[in-house]
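Step one of this worksheet: look at the structure below.
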Amino acid sequence: MVANFTQLLAERYGPQLDDDAREFIAFAVGGANRMRAMIQDLLAYSRVGTESRSIEPVNCNESLARALWNLRVSIDEKAAEVSQEELPSIRADASQLAQLFQNLIGNGIKFNCASPPRVHVSAVRNGGNWVFSVGDNGIGIEPQYAERIFVIFQRLHRSDTYPGTGIGLALCKRIVERHGGKIWLESKPGEGSTFFFSIPESSGDQRDRAS
Amino acid sequence: MSGSIGKERLVEILLVEDNPGDVRLTQEALKSDRPWNRLSVVRDGVEAMSYLRRELSGAVRPDLILLDLNLPRKDGREVLAEIKTDEDLKRIPVVVLTTSTAPGDVLGAYGLHANCYIAKPGDLGEFMAVVKSIENFWFSTVRLPSK
């Protein structure tokens, strides 16, 4: 609402406005958009804590597909290439898993200057867990920031270089931990990052790879 | 306007603030008919420390630092701690100017020896009034150490 009418103001009266006025409008629109993103992300974060999980067998390939559909605009804009290996079916909350993939893959595309940006998703079984990895050829993260980035609102970049609310990775960590897993990363600044997360295989269920 | 600062030179203010809108608002609030201050801006905690250590070209020792707490890369709390434990920098008054009203943040900032803590008002008129009161207090009422 705020952003829309401010934009209308700019479009209709733009030529009559001076440089300061146009700059003030840009700040207003930018601020309104950031606020909207912040509210959405905070709601998503809060829901992981308050909504009861609906744990069921989830085909991770489908979760990934859902995430990629949600990311289609930025995949298109940046001509990104997202590849995957066959992913298992696990017991999880389907929408949270899709959100998790969406945030990690979205970051792999966003914090990326390569041409084209590439993200690869895979999973291996390891000691009672499925360990998923989301690897990119992006800008990478310096080791001293490796833990800080999972803290809510902590950002490494200025809002005008790489936009973001500082909630995405905190949300990923919350989702993973509520599933009983861990999240971590390996990275080479300038070359790329791989985010890993583990989800325990529940005992007693069939652990077939999706057919 | 100038209490302890001589009329011969501009007052140097360093603003440590990531949000470009807040930077612009502060610039607007500090504008005046007779230029009496020079506002330098750094956009994150790492840049702030480089500026204060004179590693950036054009860096001057500020008379006052306005410090936001939530900054990318190195946040304002770390910057505050580094300034107030540095033999050379600790004498520079630091006004924490932030959106947070959390009691933990207020307590933490004073614990790290912030000179004062101001929660940025959302209302434009109130914000302008706050910046004016910072000017009046720190540059008219208060005596600042000579450089």
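Chains as they are written, first to last, in the working numbering: chain A, 1 to 211; chain B, 1001 to 1147.
Ideal Cβ placement from N, Cα and C applies to all residues, glycine included.
Taken atom to atom, the span from the alpha-carbon of B:Val1079 to that of B:His1113 is near 12 Å. With contacts defined by Cβ atoms closer than 8 Å, A:Ala28 and A:Thr6 form a contacting pair.
Going by beta carbons, B:Gly1021 and A:Gly30 fall inside the 8 Å limit. Bridge pairing for A:Ser193: A:Ser187 [DSSP]. In this structure, DSSP gives A:Phe132 an extended state, which the three-state scheme calls strand. Excluding five sequence positions before and after A:Ser198, the CB atoms of its chain that fall closer than 6 Å to its own CB belong to Asn129, Val131, Gly181, Lys182, given in chain order. Counting along the chain, the unbroken alpha helix (DSSP H) around B:Glu1028 starts and ends at 1020 to 1030. Between the region 1092 to 1099 of chain B and the region 1067 to 1076 of chain B, the count of Cβ pairs shorter than 8 Å is three or higher; the stretches touch.
Counting the other Cβ atoms within 10 Å of the Cβ of A:Leu68 gives 16 or more, which makes it buried. B:Asp1105 is outside the set of residues whose beta carbon lies under 8 Å from a beta carbon in chain A. The residues Leu68, Val82, Ile109, in chain order, have a CB closer than 8 Å to that of A:Ile75 in the same chain once the five nearest residues on each side in sequence are set aside. Residues of the region 1039 to 1073 of chain B with a C-beta atom less than 8 Å from some C-beta of chain A are Arg1043, Asp1044, Asn1070, Pro1072, Arg1073, listed in chain order.
Per the Cβ contact rule, the region 1086 to 1095 of chain B is not in contact with the region 1031 to 1041 of chain B (fewer than 3 Cβ pairs under 8 Å). Taken through DSSP and simplified to helix, strand or coil, A:Glu77 comes out as helix. Nearest CB-CB separation between B:Pro1093 and chain A: not below the 8 Å threshold.
At a cut-off of 8 Å between beta-carbon atoms, B:Arg1024 makes contact with chain A. For B:Tyr1117, the enclosing beta strand (DSSP E) covers residues 1116 to 1119.
Of all alpha-carbon atoms in A:Ser202, A:Met38, A:Glu201, A:Thr161, the one lying nearest the alpha-carbon of B:Pro1072 is that of A:Thr161. Taking 8 Å as the cut-off, the beta carbon of A:Asp41 is found closer than this to the beta carbon of A:Ile167.
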